[in-house]
Amino acid sequence: MKPLQFLRDSDADVSILNGKTVAILGYGNQGRAQAQNLRDSGVHTIIGVRSGKSAVSAAQDGFETLSVSDAVKRADIIHILLPDERQGEIYQADIEPFITPGKTLCVSHGFAFVFGEIVAPEGVDAIMVSPKGPGTDVRSRYLAGSGLAGLIAVKQDASGNARSTALALACANGFTRAGVLEVTMEQETHGDLFGEQNVLCGGLVDLARCAYEVLTEEGYPPEVAYFECYHEVKLLADLMHTRGIAKTNEAISNTAEWGEYVNGPLIIDAATKERMRESLRRIRNGSFAKDWLEEAGKGTPNLFAKRKHCAEHPIEEVGARIRKLFE
Ligand code: NDP
Ligand code: MG
71 MKPLQFLRDS DADVSILNGK TVAILGYGNQ GRAQAQNLRD SGVHTIIGVR
121 SGKSAVSAAQ DGFETLSVSD AVKRADIIHI LLPDERQGEI YQADIEPFIT
171 PGKTLCVSHG FAFVFGEIVA PEGVDAIMVS PKGPGTDVRS RYLAGSGLAG
221 LIAVKQDASG NARSTALALA CANGFTRAGV LEVTMEQETH GDLFGEQNVL
271 CGGLVDLARC AYEVLTEEGY PPEVAYFECY HEVKLLADLM HTRGIAKTNE
321 AISNTAEWGE YVNGPLIIDA ATKERMRESL RRIRNGSFAK DWLEEAGKGT
371 PNLFAKRKHC AEHPIEEVGA RIRKLFE
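Here's what the structure looks like:
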């Protein structure tokens, strides 16, 4: 596969947003950061939110704050920064009735489009502008004169300008200062879910907790298990992040490196890889999304139960004590 090209400020033209109104729907982690960046870049930005905490926060930040449906009516570009699992129902109730040809639907994660929760009507552009990091970084990097790298995608190009709109929004957010890659919504969405389910969340969390259980069940002190199997994850992650794997292995002891080579493949083996492929299949064929949307539709009772169960694991108690030492 050919390497993707990073698109930069010089590839974007923010002036195409002149005279347009962007409605940011939702004022949470991403909504707040992206709305402030767009406004500081001279883009006319309004906020669509339900009443409550987010609405108060948007008004305090000096934004014109409307209901979701009123914001959709007023806007040329509707940037949906609502929870992924709620986007479908909010789209049907408050967006679809008011979306007319010539408008643009935008998201920062393709979930709702890829799994059919939102189907852009004829005559409407559908794009994605996605930062590779949380809202706090989106905003702080913008303010520092740099930006977070990001991804853009075009799902439906009714106007012939969908890609230019995505690039202009990425530029106004500071993302093209760092570099933006053009992908498909499917690549972004499948990749994002796969990464969080197999490495970042499911994967890392379960690996560390399982190793903690083995040591403590074999009679080792919880404090030792926590330090060795959990605390030091950050040290390794930081090394991997800044140096890559080969140079990380130069930084760790020869003993640790040898242990990696002989034991790693016994833990992450061909069967693990096959289970990862199965997880990718469940993401691609929509069964993960179907189950999750069903759970969300019931008010996430199982999510709450699992969250409670997770908080009751012994690693939480010892972890809280040890983390205090590093405050
Ligand atoms: P948050 O949960 O932080 O914010 C969601 C916002 O939606 C809140 O303002 C919330 O308001 C509002 N909201 C929730 N339900 C409704 C409703 N029924 N009607 C109206 N408003 C509602 O979400 P994020 O900012 O994290 O995520 C937004 C999008 O950005 C998602 O698509 C996500 O995948 C994507 N994204 C997120 C990243 C991240 O790091 N967080 C990174 C890249 C992409 P209230 O306060 O009233 O609940
Ligand atoms: Mg993710």
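For the sequence shown, my numbering assigns the number 71 to the initial residue and increments by one for each residue that follows.
Glycine included, C-beta positions come from ideal geometry on N, C-alpha and C.
Remember, predicted model here, so these are calculated numbers, not experimental data.
Taking only heavy atoms of ligand 1 into account, decide whether any of them is closer than 7 angstroms to the Cβ of Gln100.
Result yes, Cβ under 7 angstroms from ligand 1.
For Cys176, list the residues DSSP reports as bridge partners.
Checking the DSSP bridge columns, you'll see Cys176 partnered with His149, Ile197.
Please list the terminal residues of the continuous beta strand (DSSP E) segment that includes Ala93.
For Ala93, the enclosing beta strand (DSSP E) covers residues 91 to 95.
Let me check understanding here. Comparing Cα to Cα, which of Val208, Glu283, Ala228 lies closest to Thr246?
Measuring from the Cα of Thr246, the nearest candidate turns out to be Val208.
Need the endpoints of the alpha helix (DSSP H) that His379 sits in, please.
In the DSSP annotation of this structure, the continuous segment of the alpha helix (DSSP H) that includes His379 starts and ends at 371 to 381.
Enclosing beta strand (DSSP E) for Leu251 [first to last residue]
It spans 250 to 252 - the beta strand (DSSP E) in which Leu251 sits, taken as one unbroken run.
Extent of the continuous alpha helix (DSSP H) to which His311 belongs:
Element bounds for His311: 303 to 313.
Looking at the unbroken alpha helix (DSSP H) that takes in Lys394, where does it start and where does it end?
First-last of the alpha helix (DSSP H) with Lys394: 384 to 395.
Is it right to say Val303 is buried, meaning 16 or more other beta carbons lie within 10 angstroms of its own, or is it exposed?
By the neighbour-count rule (16 or more Cβ atoms within 10 Å), Val303 is not buried but exposed.
Looking at the structure shown, is Leu77 part of a helix, part of a strand, or coil, going by DSSP?
Correct three-state label for Leu77: strand.
Of all the options Val84, Lys123, Ala128, Leu87, which has the alpha carbon lying nearest to the alpha carbon of Ala105?
Of the candidates Val84, Lys123, Ala128, Leu87, the one whose C-alpha sits nearest the C-alpha of Ala105 is Ala128.
According to the Cβ coordinates, are Val113 and Val142 closer than 8 angstroms?
In this structure, Val142 does not lie closer than 8 angstroms to Val113 by Cβ.
Alpha carbon to alpha carbon, what distance is there between Val194 and Leu175?
The alpha-carbon atoms of Leu175 and Val194 are separated by roughly 7 angstroms.
Bridge-paired residues (DSSP) for Gln104
DSSP lists no partner for Gln104.
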